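To start, the structure itself, in structure tokens.
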Amino acid sequence: MLKRTLIILFIISMVFNIAFVSTFIYHRIMMRPRFPEQPIPEPLSPYPELIERIEEGKKQIMPLRQKFQKSKTAFIEALKSQDFNKEELMLILEKTLENQVKMEKELGLRLIELRKEMNPEQARRFFCRRQFQQPEKQQPKFPKFRELIKNRRKEK
249 MLKRTLIILF
259 IISMVFNIAF
269 VSTFIYHRIM
279 MRPRFPEQPI
289 PEPLSPYPEL
299 IERIEEGKKQ
309 IMPLRQKFQK
319 SKTAFIEALK
329 SQDFNKEELM
339 LILEKTLENQ
349 VKMEKELGLR
359 LIELRKEMNP
369 EQARRFFCRR
379 QFQQPEKQQP
389 KFPKFRELIK
399 NRRKEK
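Numbering (the numbering used here), first residue to last: 249 to 404.
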């Protein structure tokens, strides 16, 4: 009886081990990931002079960005307020747009200056990065999920 019990326990143990290993293999090898992995941008490490110029540009653009963010926040706060004053809102909106135009113009000038210092290979690597691609060329992170949400909204 003892030998028979040991054989039964051994068989049960083997079944559980085979089930665990096969589940692991199925999930790791057979199943594809749900969403395609995003390409990892190429590092700019071979070009330290570019990194220094980029950091320098960020430091110069940061005050403009902070000014724009503050004016944008002020505009949203004015929209949330109880008192609705269209003239005041229009003034805040104009100031916000001015700050945004200044920031974007300075950013564009910095990119032009940076491009002047690059060779064609550096420019290709730098401007082919994800943040410079046009939105229609970028892949959505969760395309099936977004499509499902759109279909549900249409049904309602």
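Here a beta-carbon is modelled for each residue, glycine too, at the ideal position from N, C-alpha and C.
No experiment lies behind these values; they were computed from the predicted model shown.
- CA-CA distance, methionine 310 to phenylalanine 264, rounds to 59 Å.
- Excluding five sequence positions before and after alanine 322, the CB atoms of its chain that fall closer than 7 Å to its own CB belong to Ile340, given in chain order.
- In this structure the stretch 296–303 touches the stretch 364–374; the number of beta carbon pairs closer than 8 Å is three or more.
- The alpha-carbon separation between lysine 328 and leucine 362 amounts to approximately 40 Å.
- Annotation: the continuous alpha helix (DSSP H) that includes isoleucine 255 extends over 250–273.
- In this structure the stretch 313–322 does not lie against the stretch 257–271, because fewer than three pairs of beta carbons, one per stretch, are closer than 8 Å.
- 8 Å or more divides the Cβ of leucine 312 from the Cβ of lysine 343.
- A direct Cα-to-Cα measurement between leucine 257 and alanine 267 gives close to 15 Å.
- Relative to isoleucine 302, the option among Asn399, Gln330, Arg358, Gln348 whose CA is nearest is Arg358.
- Pairing methionine 262 with leucine 254, the inter-Cα distance amounts to about 12 Å.
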